[in-house]
Amino acid sequence: MSKQYEAAMRMAINAAEKFVGATSPNPPVGCIALDKAGKVLLGAAHQKAGTAHAEAAVLNLAQKLGKAEAIHTLVVTLEPCNHRGRTPPCVEAILKQKNIRRVVIGCRDPNPEVAGGGVEALRKAGLEVIESVLEQECKFLIRAFAKFVQTKRPYVTLKAAFTRHGSMVPPAGQKTFTSDASLLFAHELRKRADALWTGSSTVIADNPEFTVRWVPDHPGKKRILVLSDRRRRVSQEWIKKAQGNGFTVHLAPTLDEGLDYLGKQGVLEVLVETGPELREAWLQSGLWDESVVITQGQADDDEDEDVRIEFRDAPEDE
């Protein structure tokens, strides 16, 4: 059955990926229900904090579709929770469905305060628990959550675009020099972030909006915009415009202060979109986690751009 579990886990990961950026301060989680023969019955994902977790969402949907009694195995990207928060524990919901006899998980909860509790409770109740199916992929899915629960600070993604000549400044008369594909990718990065961070030089030079426009955003998503502006060069007019676009604007005197502030707000990931000076400060600080660099192709209409993604602490076995 190992191949079936891997296939189901990929489905669960795909389901969860659609809601990255919508679940904070919870992690994105996907769950797939299988019958006794290993056939997929249905699947679901956690969509937003305060709503049903992935396992509960699957069980609720199964009840509506009349498939609850057919579930034998749950395949879930993250260890089911065994603590009560805004919603009941997932372990409790699983154990109420007596026909479920096996739970397949991708990775354990990275929160040191709860790690292993769900697995232990399920096994104590007599269920078979299979661990570490596509473990690295499942850990990668929740990398921002893992950083948050272990450090109380958000995962920091740096994004930068360079011309073929190595400049971050668009040619005269242009707002951008990257392809439509790269713009779409950039807006996907914004969509998955709970906050954005920029500097006064970028605001003054580009008058950016920082909204998600090239892809459908998570419904009702509100973000924080952190501004590095020690000399107070950014106008109140621009700040009010950002607030009108749904941002909570925070002026950060230092990188550390801004990260601590975001952590207290439950922010899992912050996307840094800034100019060369502040970008270099981030790189030198060692406070970043992921760097995305887009370099323009050799011709103006060339979409064959170079996109490089680097991780400061590369995941194991990557």
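Each residue of the sequence shown is one higher than the last, beginning at 0 in numbering that gives the first Met the number 0. Glycine included, every Cβ here is placed at the ideal spot set by N, Cα and C. Remember, it's a predicted structure, so these values are computed and weren't measured experimentally.
If only uninterrupted beta strand (DSSP E) runs of at least 3 residues are considered, those enclosed by the region 46 to 89 are 72 to 77.
DSSP, reduced to helix, strand and coil, places K221 outside both helices and strands of the structure shown, so it counts as coil. Using a 10 angstroms sphere on the CB of R142, the tally of other CB atoms reaches 16 or more, which defines it as buried. Annotation: C30 to W237 spans about 43 Å, alpha carbon to alpha carbon.
Our two residues, E256 and R189, have alpha carbons roughly 22 Å apart in a direct line. Per DSSP, reduced to three states, the secondary structure at I308 is strand.
Apart from sequence neighbours up to five positions away, the residues of its chain that approach D303 with a beta-carbon distance below 7 Å are G296, ordered along the chain.
Taking every protein chain shown into account, the CB of D288 has 16 or more other CB atoms within 10 angstroms, so this residue is buried. DSSP places W237 inside the alpha helix (DSSP H), whose first and last residues are 235 to 243. Here T177 has A160, I293 as same chain residues with Cβ atoms under 6 Å from its own Cβ, once five neighbours each way along the sequence are excluded.
Nearest Cα to N59 within the set A43, G49, K47, L195: A43. In terms of CA proximity to V306, A180 leads the group T197, A180, G65, I12. The beta carbon of S199 lies closer than 6 Å to those of D228, R232, V233 in the same chain, with the five residues before and after it left out.
Straight-line measurement puts the Cα of T156 at about 15 Å from the Cα of I223.
In this structure, DSSP gives A194 an extended state, which the three-state scheme calls strand. Here L183 is exposed. Its C-beta has fewer than 16 other C-beta atoms within 10 Å.
Taken through DSSP and simplified to helix, strand or coil, K17 comes out as coil. Excluding the 5 residues flanking it on each side, G245 has same chain C-beta neighbours closer than 6 Å at K221, in chain order. For R278, the CB contacts under 7 Å within the same chain, skipping 5 residues up- and downstream, are L157, A159 in chain order. Restricting attention to R191, I203, T150, G105, the CA atom closest to the CA of R230 is found in I203.
Under the three-state reduction of DSSP output, V155 falls in the strand class.
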